[in-house]
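S.K.: This is the structure I have questions about; it appears just below.
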Amino acid sequence: KNQVEQSPQSLIILEGKNCTLQCNYTVSPFSNLRWYKQDTGRGPVSLTIMTFSENTKSNGRYTATLDADTKQSSLHITASQLSDSASYICVVSAVTGGGNKLTFGTGTQLKVEL
Amino acid sequence: EPEVTQTPSHQVTQMGQEVILRCVPISNHLYFYWYRQILGQKVEFLVSFYNNEISEKSEIFDDQFSVERPDGSNFTLKIRSTKLEDSAMYFCASSEAPPRIKLGEQYFGPGTRLTVT
């Protein structure tokens, strides 16, 4: 069964600090891995998408890494801001015959405080 | 910037009633999706839709669910006889290409909160 596990479940950091969120997956056959940011009560917003051949991808203060051998990914946030407070979701896409089947992680709830 | 819109933002219905959740995907997108998120739980895939037919569905998407693209702009999710456990946030999403390729980035709507009493 395809699964995506994330850690930590929640995290509190001070504004300006860096943090790293982890994702482990057992999705096969792997197509791509995405990180989404979800504000409370809103839909997820894409941060990065990486395919098998990509090890790292940056989007502003967000940098995602992917190790397809160990089936692990991380999302690093630098110089955190209060607006970074949200749930960060790791999502893995599998190659299927149909249009889509994304497997979502449970998310890491990040809170940035003054 | 184009965005996916959903209506209503909040729907309250009684158990056993039918509900229709509406979505307007981004205009040049070809692939459409419904997801749900029960409060405090992860987002779950329900169904994908392409070329006027369902391309994939999850085990959650049983006979009480149906989707339709009644015209060139709307994409709807119907729940025929709602149950208490259908209470969740329902997200619509659309993409230019299928997510098995990188360009298949999905854009999510703001969601409809469905409350079944």
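Here the protein sequences line up with chains A and B, keeping their order. Residue 102 is where the first sequence starts when you use our numbering, and the numbers rise one by one after that. Residue 109 is where the second sequence starts when you use our numbering, and the numbers rise one by one after that. For glycine and all other residues, C-beta sits at the position ideal for the given N, C-alpha and C. Predicted model only: the values in this text are computed from it and were never measured.
(1) For F131 (chain A), is the beta carbon positioned less than 8 Å from some heavy atom of the ligand NAD?
(2) Does any residue of chain A have a CB that is nearer than 9 Å to the CB of A196 (chain B)?
(3) Kindly give me the distance between the Cβ atoms of V151 (chain B) and F131 (chain A), rounded to whole angstroms, as I take these residues to be in contact under 8 Å.
(4) Taking Q104 (chain A) as the reference, which of A:A187, A:D140 and A:L134 has the closest Cα?
(5) Flag V128 (chain A) as yes if its beta-carbon sits less than 9 Å from any beta-carbon of chain B, otherwise no.
(6) Should Q107 (chain A) be labelled buried (16 or more other beta-carbon atoms within 10 Å of its own) or exposed?
(7) How many Å lie between M151 (chain A) and A201 (chain B) at the Cα?
(8) Could you give the C-beta distance for G208 (chain A) and Y189 (chain A), rounded to a whole number, given that I count them as a contact under 8 Å?
(9) For I114 (chain A), which option in A:V192, A:D185, A:A165 and A:V193 has the closest C-alpha, if you only look at C-alpha atoms?
(10) Residues of chain B with CB under 9 Å from I190 (chain A), in chain order?
(11) Whole angstroms is fine: what's the gap from L176 (chain A)'s alpha carbon to K138 (chain A)'s?
(12) Can you check whether the CB of A196 (chain B) is closer than 9 Å to the CB of L138 (chain B)?
(13) At which residue ranges does the region 126 to 180 of chain A contain complete beta strand (DSSP E) runs of 3 or more residues, listed in the order of the chain?
(14) Does any CB atom of chain A fall closer than 9 Å to the CB of R221 (chain B)?
(15) In the DSSP output, which residue or residues are listed as bridge partners for E152 (chain B)?
(16) Rounding to the nearest angstrom, what Cα-Cα distance links Y215 (chain B) and A169 (chain A) in this structure?
(17) Using only the alpha-carbon positions, how far apart do S174 (chain A) and S154 (chain A) sit?
(18) Smallest Cα separation from L215 (chain A): which of A:A187, A:L183 and A:L203?
(19) Return yes when the Cβ of F157 (chain B) is within less than 9 Å of the Cβ of F140 (chain B), no when it is not.
(20) Does the distance from the CB of K118 (chain A) to the CB of S194 (chain A) come in under 9 Å?
(21) Tell me whether P133 (chain B) is buried or exposed, calling it buried when 16 or more other Cβ atoms sit within 10 Å of its Cβ.
M.R.: If we stick to the structure as given:
(1) Of the ligands one can find in the structure shown there are none, so the ligand NAD has no counterpart to examine.
(2) no
(3) Contact flag wrong, Cβ pair sits at about 19 Å.
(4) Here the closest residue by C-alpha is A:L134.
(5) no
(6) buried
(7) 19 Å
(8) 6 Å
(9) A:D185
(10) K150 and V151
(11) 11 Å
(12) Annotated as distal: L138 (chain B) and A196 (chain B), with beta-carbon spacing of 9 Å or more.
(13) Whole beta strand (DSSP E) segments, 3+ residues: 131 to 139, 146 to 152, 157 to 160, 163 to 168 and 173 to 178.
(14) yes
(15) B:R144
(16) Taking the straight line joining both Cα atoms gives about 25 Å.
(17) 13 Å
(18) With distances taken between Cα atoms, L215 (chain A) lies closest to A:L183.
(19) yes
(20) Against a cut-off of 9 Å, the Cβ pair of S194 (chain A) and K118 (chain A) comes out as no contact.
(21) buried
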